[in-house]
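Undergrad: Under the working numbering, think of the first position of the sequence shown as 6, with each following residue one higher. Just so it is clear, CB atoms sit at the ideal spot from N, CA and C, and this is done for glycine as well.
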Amino acid sequence: MKKLVITGGAGFIGSNLVRLALERLPQMEIVNFDALTYAGNLENLAGLESHPRYRFVKGDVASPEDVAKAFEGDVAGVLHLAAESHVDRSIQDASAFVRTNVVGTQVLLDAARRKGVAKFVHVSTDEVYGSLGATGKFIEETPLAANSPYSASKAGSDLLARAAHHTHGMPVCITRCSNNYGPYQFPEKLLPLVISNALENKPIPVYGDGRNVRDWLYVQDHCEALLRVYEAGKPGEVYNIGGNNELENLYLVKQVLSLLGKPESLITFVKDRPGHDRRYAIDASKIRQDLGWEPAHRFEQALPKTIEWYRNHEAWWRHVKSGEYRDYYERQYGKRS
Ligand code: NAD
Ligand code: DAU
């Protein structure tokens, strides 16, 4: 059976994608290749352990030996999501970002080239474009102008993916998506942090004046777009993915509090993130016109649905916040290395 390797499948977007890929691609084995860093949580995939077409391979994208294990057999394609993904952590220490995002992407590209895979989708981010002023949107031709160590490392990997196509003719597509929200997001990121802190009646840290703008997309819509690019994307092309749903942070936080019936007095303004990008907005007309993708979820329904999910999965986020989630691997697979 042909295999699709999804890297970072134990993370937020990756775990949603693994589930969707198993449903949408019934002829494929889905290999989840993940190092299980602090952000990797096999509880996100609970119930799939005995699925006949799902396989988990623990390993590091920056290790050629580990990557070789993931690439055993008939690998038809790669969806590369594994990354260090949190801007604030990259400001504290960028070293893991350079290793995983830059070095890891090159190791993976080299292995995929040797294997002759038919499609390699590199999951980049809208943050590689830098920050917008009050107007305008990012298009695929917007010059890269990354501002944080995180986005700089993603821009490095994005360009390495581009070079693999340009130099070696590899069938690479690059996607650049806006902010995702939905189930299984690690509660260091704004939305799950706000929801879980509000449920615990804890203060909600808002950076700076809270007027920064992000373009929010429901995670399932991102995953549908990635599968669309995997199946129909033209090699060498970049596709922006976005929700056409720009919101100021403070507005978003107030919406969550109102939906949860919690007081706005929980909001605590804190020191701004250094180098904080002011505004992101995506023009997603290319993927709509060329591949027929559009978000299926509206924010007005998907935000309450997401809040409900966190309400109903209190054990999940409490395990993450307490660190207990790290025992899940040992219970399922024995001791971590
Ligand atoms: P996440 O932090 O939730 O998950 C990352 C996963 O990668 C984890 O399971 C982690 O264990 C794994 N990983 C980290 N280092 C690894 C390594 N060296 N080898 C193998 N696996 C490793 O991230 P996410 O939010 O799900 O984002 C996934 C991808 O999508 C990233 O590439 C990110 O840059 C990109 N992206 C995210 C968003 C967003 O809003 N979250 C938007 C656009 C693009
Ligand atoms: O745009 C895509 C990117 O979105 C992805 O590439 C990143 O992997 C992902 O983490 C996300 O980056 P952001 O920095 O936009 O997401 P974060 O959830 O960290 O922050 C969202 C906004 O909320 C941002 O303006 C900073 C602000 N914020 C964040 C946190 C964690 C706060 O005001 N308070 C907080 O406690």
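At the level of alpha carbons, what is the spacing between N217 and A88?
TA: Sequence index remark: in the sequence shown, residue 217 carries index 212 (1-based). Sequence index remark: in the sequence shown, residue 88 carries index 83 (1-based). Answer to the nearest angstrom: the Cα atoms are 24 Å apart.
Undergrad: Should A320 be counted as a contact of the ligand NAD given a C-beta to heavy atom distance under 7 Å?
TA: What you label residue 320 is simply residue 315 of the sequence shown in a count that begins at 1. No, the ligand NAD has no heavy atom inside 7 Å of this Cβ.
Undergrad: For G213, which residues of its own chain have a beta-carbon under 7 Å away from its beta-carbon, when the five flanking residues on both sides are left out?
TA: On the sequence shown, residue 213 is found 208 positions in, with the first residue counted as 1. Here the set comprises D277, H281.
Undergrad: Considering only residues of the region 34–66, which uninterrupted beta strand (DSSP E) runs meet the minimum length of 3 residues and lie entirely inside it, listed in chain order?
TA: Complete beta strand (DSSP E) runs here, min 3: 34–39, 59–63.
Undergrad: Just the Cα atoms here: how many angstroms apart are E229 and A237?
TA: One-based indexing of the sequence shown puts residue 229 at position 224. One-based indexing of the sequence shown puts residue 237 at position 232. Taking the straight line joining both Cα atoms gives about 12 Å.
Undergrad: Quick one: residues in its chain with C-beta nearer than 8 Å to the C-beta of R104, no 5 flanking neighbours on either side, listed in chain order?
TA: Within the sequence shown, residue 104 is the residue found at index 99, counting from 1. Within the same chain, R104 has close Cβ partners A67.
Undergrad: Would you check if there are 3 or more beta carbon pairs closer than 8 Å linking the region 241–255 to the region 171–191?
TA: The answer is yes - the region 171–191 touches the region 241–255, with three or more Cβ pairs under 8 Å.
Undergrad: Could you name the residues of the same chain whose beta carbon sits closer than 7 Å to that of S136, not counting the 5 residues immediately before and after it, in chain order?
TA: Taking the first residue of the sequence shown as position 1, residue 136 is located at position 131. These residues qualify, in order along the chain: N152, D282, R283, R284.
Undergrad: Does DSSP put V80 in a helix, in a strand, or in coil?
TA: In the sequence shown, the residue the question calls residue 80 occupies position 75. Three-state DSSP puts V80 in a strand.
Undergrad: Which stretch, first to last residue, makes up the alpha helix (DSSP H) that contains E28?
TA: Your numbering for residue 28 matches position 23 in the sequence shown. 17–29 is the span of the alpha helix (DSSP H), which, as asked, contains E28.
Undergrad: What residues match up with V224 in a beta bridge as DSSP calls it?
TA: As a first step, residue 224 must be located in the sequence shown, where it is residue number 219. Partner(s): none; V224 has no beta bridge.
Undergrad: In its own chain, which residues sit with a C-beta less than 8 Å from the C-beta of A266, not counting the 5 before and 5 after it?
TA: Within the sequence shown, residue 266 is the residue found at index 261, counting from 1. One detail in the question is off: residue 266 reads as Gly in this sequence, not Ala. Excluding positions up to five away in sequence, the list is empty.
Undergrad: Alpha carbon to alpha carbon, how far is K63 from P148? Give it in angstroms, no decimals.
TA: Indexing the sequence shown from 1 puts residue 148 at position 143. Indexing the sequence shown from 1 puts residue 63 at position 58. Rounded to the nearest angstrom, the two C-alpha atoms are 36 Å apart.
Undergrad: Starting from the C-beta of I144, find all residues in its chain whose C-beta is less than 6 Å away, skip the five residues before and the five after it, and write them out in chain order.
TA: For the purposes of this step, residue 144 is taken as the residue at position 139 of the sequence shown. Here the set comprises D288.
Undergrad: Does DSSP classify H170 as helix, strand or coil?
TA: Locating residue 170 in the sequence shown gives position 165, counting from the first residue. In the structure shown, H170 sits in a helix (DSSP, three-state: H, G or I).
Undergrad: For T273, is the classification buried or exposed, using 16 other Cβ atoms within 10 angstroms of its Cβ as the cut-off for buried?
TA: Stepping through the sequence shown from its first residue, residue 273 is reached at position 268. Label assigned to T273: exposed.
Undergrad: Since H127 is in the beta strand (DSSP E), which residue starts that stretch and which ends it?
TA: Here residue 127 is taken as the residue at index 122 of the sequence shown, counted from 1. Per DSSP, H127 belongs to the beta strand (DSSP E) from 124–130.
Undergrad: Kindly indicate which three-state DSSP category Y285 falls into: helix, strand or coil?
TA: The residue labelled residue 285 in the question sits at position 280 within the sequence shown. Coil at Y285, not helix or strand.
Undergrad: Can you tell me the Cα-Cα spacing of A150 and F304, whole angstroms?
TA: Start at 1 with the first residue of the sequence shown, and residue 150 comes out as number 145. Start at 1 with the first residue of the sequence shown, and residue 304 comes out as number 299. Approximately 29 Å, taken between the alpha carbons.
Undergrad: Would you grab the beta carbon distance between V10 and F76 for me? Rounded to a whole angstrom, and I think it's under 8 Å.
TA: One-based indexing of the sequence shown puts residue 10 at position 5. One-based indexing of the sequence shown puts residue 76 at position 71. Right, their Cβ atoms sit about 7 Å apart.
Undergrad: I'd like the span of the beta strand (DSSP E) that includes I200, first residue to last.
TA: Mapped onto the sequence shown, residue 200 falls at position 195. Here I200 belongs to no beta strand (DSSP E); instead the alpha helix (DSSP H) covers 195–204.
Undergrad: Flag this pair as yes or no: are the beta carbons of S156 and V133 separated by less than 8 Å?
TA: Within the sequence shown, the letter at position 151 stands for residue 156. Within the sequence shown, the letter at position 128 stands for residue 133. It is a contact, given that the beta carbons lie within the stated cut-off.
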